[in-house]
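Protein sequence lines, in the order shown, are assigned to chains H and B. All residue numbers for the first sequence refer to numbering that gives the first Met the number 0, where the first residue is 0 and numbers rise by one. All residue numbers for the second sequence refer to numbering that gives the first Met the number 0, where the first residue is 0 and numbers rise by one.
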Amino acid sequence: MSRFRPPPWLVLLLPAIIILTAVVMIPLLLSLYSSFTPYRLTRPETLYKWIGTFNYEKAMKSAHFWAAFGRTILLLTIALNLEMLMGLGLALLVNKVTYGQRALRTVMMFPMMFSPILVGFQFKFIFNDNVGLVNNALQSLGLSNVAIPWLVDGQLAFTAILVAEMWSSTSVFAILILAGLFAVPRDPIEAAKVDGCTPWQSFRHITLPYIMPFIYIALAIRSLDVARAYDIVQIMTNGGPARRTELLWTLIGRTGYVDAKMGYANAMGYISIFLAIFFTIYFFRKLNAARSELGMAG
Amino acid sequence: MAQVHLQKVVKKYGSLQVVHGIDLEIADNEFVVLVGPSGCGKSTTLRMIAGLEAISGGEIKIGERLVNDLPPRHRNISMVFQNYALYPHMTVRENLGFSLKIAKRPQQEIDKAVDEAAQILSLTEYMDRKPGALSGGQRQRVAMGRAIVRHPEVFLFDEPLSNLDAKLRTQMRTEIKKLHQKVKSTIVYVTHDQVEAMTLADRIVIMRDGYIEQVGTPLDVFETPANTFVATFIGSPPMNLLHGRVTGNEIAIDGGPAIGVPEPFTGKVQEGQKVILGFRADNLMPYGHAMPMESGCAEFDMTVNLSEPLGTETLLFGSLAGKEVQAKMLNPRPVADGERLQFRLDLARCHLFDADSQQALR
Chain H
0 MSRFRPPPWL
10 VLLLPAIIIL
20 TAVVMIPLLL
30 SLYSSFTPYR
40 LTRPETLYKW
50 IGTFNYEKAM
60 KSAHFWAAFG
70 RTILLLTIAL
80 NLEMLMGLGL
90 ALLVNKVTYG
100 QRALRTVMMF
110 PMMFSPILVG
120 FQFKFIFNDN
130 VGLVNNALQS
140 LGLSNVAIPW
150 LVDGQLAFTA
160 ILVAEMWSST
170 SVFAILILAG
180 LFAVPRDPIE
190 AAKVDGCTPW
200 QSFRHITLPY
210 IMPFIYIALA
220 IRSLDVARAY
230 DIVQIMTNGG
240 PARRTELLWT
250 LIGRTGYVDA
260 KMGYANAMGY
270 ISIFLAIFFT
280 IYFFRKLNAA
290 RSELGMAG
Chain B
0 MAQVHLQKVV
10 KKYGSLQVVH
20 GIDLEIADNE
30 FVVLVGPSGC
40 GKSTTLRMIA
50 GLEAISGGEI
60 KIGERLVNDL
70 PPRHRNISMV
80 FQNYALYPHM
90 TVRENLGFSL
100 KIAKRPQQEI
110 DKAVDEAAQI
120 LSLTEYMDRK
130 PGALSGGQRQ
140 RVAMGRAIVR
150 HPEVFLFDEP
160 LSNLDAKLRT
170 QMRTEIKKLH
180 QKVKSTIVYV
190 THDQVEAMTL
200 ADRIVIMRDG
210 YIEQVGTPLD
220 VFETPANTFV
230 ATFIGSPPMN
240 LLHGRVTGNE
250 IAIDGGPAIG
260 VPEPFTGKVQ
270 EGQKVILGFR
280 ADNLMPYGHA
290 MPMESGCAEF
300 DMTVNLSEPL
310 GTETLLFGSL
320 AGKEVQAKML
330 NPRPVADGER
340 LQFRLDLARC
350 HLFDADSQQA
360 LR
């Protein structure tokens, strides 16, 4: 009798293929499929009912979805820009320090060591309208005599979330930009000084082009992070009150697990993925442009 | 008009002093080369003139202006760096015009100055390339072009040729010399290569360990070195130095022959004085292969350990009084290792140094 002998490459790749299929391919295909069904976690049989693109159409027409989509983009834009500027400033300051710089660098990374959940709880306390630090401080200083509803008013809550987000992640920018500053060669800076540049002009024309690739790497990483923002918002406001701070993933999470409408949640998830993909591609394009500017691409 | 005056200039890093109060006067349009071994303070001195290093003591004046506390941008200087220090994100044209753009000059003037510099350095073909797409020599020319577009009062060169290969270095050396003739400006040039120093300089400043050892024209420092350091540093192969003691009107080389006190030094040495006799390979030649010697010469035998034929001449390595001595053979014939030859030493071309102070006896 002849036995089937698979070719060696297949045998060698088989473990990887099996694991990737089980861990990535099946869940991915299943979720994609389920987005075309009215699948509800509470009624498993709904998984077998095909409804075509109904969920996608529903999401596209949903005001809640687009509000969350817009708010996520808003958070992403504001948070990334502010974090970038503050991180840049922080990195430039730390780069000037000659004594104790290592210790400072370590301290600078402390916020990255906390779980976002804990950061959420901490800022929820800080911004609490009755016992929170912010209101207490404002009242003690006589700057305000009312309890400002930090986490209730839509815009204030958005600001509070923004502050928490920035506190926890500005150091990502600071660390990456600092690495970039370390890599800037000394000679061109000195040449610029001799060529008549003021310190600001040296920074603008020489240092900045050198650190742009690092800034874009940080932006790419952080854009993925913020586009899937969930934990801090979930803890601080749970997307509320009355959806005033709803972001894409708090909406999707609630739809999928609380309302148990997994099919619909998956459809929104697939639309949202494009947001993350768009920003990643955008920043990588920028990164490559900045690198080839410096003659580093190859 | 830009002279450069250095007066008692000191550089300290913490408690470590690296430049010990040097004095130097550089005339307008003069090409001065600072030369010395690594760590002698020559680059530090140049960077202090540029304003890239703070001055710990003394005074530096450019023209009539005291520049001690002026930042580089107010000193009206340009500098060419060892690693070119081009701006990698700018094209050659932008690199050349950068300083003028920063100074907010009208575009027309910038274009004119850039084109002129490109013409002088034959860079016109590469104007739209970035430094990454240029060869070492081309980059070096861009660096020089960037320096000349501004018509500064003083050019500073910090070992500009040390990253180039030998052939290109010779070529660029000539171009720098031509550039000096064209742009007529004061140049301070740092190198550790004594050939560059000799060929380029109007005056050479030889430095060691943060002190100036000698200042003079290239021929000056070659023919009348102030001390044994200058004697061995300038000239290739380095000057032969032999220790000896004055006895009567002869110098008894330690463990070697006695040689008559060269004429210029008679009466300037004392009986029993410890001296160092210095002579170049060019003045020690085997009998029959030598230049005619004007006045007195000393003759002695020496075994040749090694010979290096160079074509027009052969360099001979022998040992005299236990020390290696180099000699030259004109119209060379093959010399076998271990061959014993009779040598003639041109006494008129010998140097004498005091053994204790290492300073030249004059």
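Where a beta carbon is used, it is the ideal one built from N, C-alpha and C, also for glycine.
- So who's on the other strand from Glu-298 (chain B), going by DSSP bridges? B:Arg-343
- Beta-carbon contacts of Leu-175 (chain H) that lie in its chain and below 7 Å, excluding the five residues immediately before and after: Phe-213, Ile-216 and Ala-217
- Message: DSSP three-state label for Leu-276 (chain B), please.
- Response: strand
- Are Leu-344 (chain B) and Ile-252 (chain B) close, meaning C-beta to C-beta below 8 Å? no
- Spell out whether any CB of chain H is found under 8 Å from the CB atom of Ser-98 (chain B). yes
- Task: Evaluate the contact criterion for the segment 195 to 212 of chain H versus the segment 264 to 275 of chain H: three or more CB pairs, one atom per stretch, below 8 Å.
- Result: no
- Cα separation between Val-9 (chain B) and Arg-104 (chain H)? 35 Å
- Task: Report the rounded CA-to-CA distance for Ser-98 (chain B) versus Ser-168 (chain H), giving the unit in angstroms.
- Result: 38 Å
- Task: With a 10 Å radius around its C-beta and 16 neighbouring C-beta atoms as the bar for buried, classify Lys-260 (chain H) as buried or exposed.
- Result: buried
- Using a Cβ cut-off of 9 Å, pull out every chain B residue sitting near Gly-294 (chain H), in sequence order please. Pro-87, His-88, Lys-129, Pro-130, Gly-131 and Ala-132
- Can you round the beta-carbon distance between Leu-178 (chain B) and Tyr-188 (chain B) to whole angstroms, since I take them to be within the 8 Å contact cut? Not a contact, Cβ separation roughly 11 Å.
- Task: Give the secondary structure of Pro-217 (chain B) by DSSP, where H, G and I count as helix, E and B as strand, and everything else as coil.
- Result: helix
- Message: Can you confirm whether Val-23 (chain H), when its beta carbon is compared against all beta carbons of chain B, has any partner nearer than 8 Å?
- Response: no
- Answer yes if the segment 224 to 239 of chain H comes into contact with the segment 135 to 142 of chain H, meaning at least three C-beta pairs across the two stretches below 8 Å, and no otherwise. no
- Task: Flag Ala-365 (chain B) as yes if its beta-carbon sits less than 8 Å from any beta-carbon of chain H, otherwise no.
- Result: The structure shown does not extend to residue 365 (chain B), since chain B spans only 0 to 361, so no value can be given for it.
- Item | Met-108 (chain H) beta carbon less than 8 Å from that of Ala-163 (chain H) | no
- Since Thr-185 (chain B) is in the alpha helix (DSSP H), which residue starts that stretch and which ends it? Per DSSP, Thr-185 (chain B) belongs to no alpha helix (DSSP H); it is in the beta strand (DSSP E), 185 to 190.
- Is the Cβ-Cβ distance between Met-185 (chain B) and Ala-49 (chain B) less than 8 Å? Correcting the residue identity first, residue 185 (chain B) is Thr in this sequence and not Met. No, they are not a contact pair.
- Ala-200 (chain B) - DSSP class collapsed to helix/strand/coil: coil
- Item | Interface residues of chain B facing Lys-192 (chain H) [CB-CB closer than 8 Å] | Gly-50, Leu-51, Pro-70, Pro-71 and Arg-72
- Query: Can you find at least 3 beta carbon pairs, one from the segment 263 to 280 of chain B and one from the segment 233 to 248 of chain B, that sit closer than 8 Å?
  - Reply: yes
- Task: Tell me whether the beta-carbon of Pro-130 (chain B) lies closer than 8 Å to the beta-carbon of Gln-81 (chain B).
- Result: no
- Nearest to Arg-149 (chain B) by CA position, among B:Leu-167, B:Ile-101, B:Leu-218 and B:Ala-225, is which residue? B:Ile-101
- Item | Interface positions of the segment 192 to 208 of chain H facing chain B (Cβ-Cβ less than 8 Å), listed along the chain | Lys-192, Val-193, Asp-194, Gly-195, Cys-196, Thr-197, Gln-200, His-204, Ile-205 and Pro-208
- Message: Contact defined as beta carbons within less than 8 Å: I believe Leu-161 (chain H) pairs with Ala-78 (chain H). What is the distance between those atoms, to the nearest angstrom?
- Response: 6 Å
- Query: In chain B, which residues lie less than 8 Å from Pro-187 (chain H) when you measure between Cβ atoms?
  - Reply: Ala-84, Leu-85, Tyr-86 and Pro-87
- Query: What is the rounded straight-line gap between the Cα of Asn-129 (chain H) and the Cα of Trp-149 (chain H)?
  - Reply: 10 Å
- Could you check where the alpha helix (DSSP H) with Gln-376 (chain B) kicks off and where it finishes? Because chain B in this structure spans residues 0 to 361, residue 376 (chain B) falls outside the shown range and cannot be described.
- Message: Am I right that Ile-59 (chain B) and Asn-67 (chain B) are in contact with their C-beta atoms under 8 Å? What's the rounded C-beta distance?
- Response: 6 Å
- Can you name, in chain order, every residue of its own chain whose Cβ lies under 7 Å from the Cβ of Met-171 (chain B), other than the five neighbours on each side? Gly-136, Gln-139, Leu-160 and Leu-163
- Item | Own chain partners of Arg-181 (chain B) with C-beta closer than 8 Å, once the 5 adjacent residues on each side are dropped | In the sequence on display, residue 181 (chain B) carries Lys and not Arg. Contacts found: Ile-119.
- Item | Residue span of the beta strand (DSSP E) that contains Pro-237 (chain B), given as start and end | Note, Pro-237 (chain B): premise wrong, no beta strand (DSSP E); not H, not E.
- Item | First and last residue of the uninterrupted alpha helix (DSSP H) at Ser-77 (chain B) | No alpha helix (DSSP H) holds Ser-77 (chain B); the beta strand (DSSP E) holding it covers 76 to 79.
- Query: Of the residues B:Asp-157, B:Ser-318, B:Pro-333 and B:Arg-202, which one's Cα is nearest the Cα of His-191 (chain B)?
  - Reply: B:Asp-157
- Task: Using the DSSP secondary-structure output, state which residues sit across from Pro-308 (chain B) in a beta bridge.
- Result: B:Thr-313
- List the DSSP bridge partners of Asn-226 (chain B). B:Gln-358
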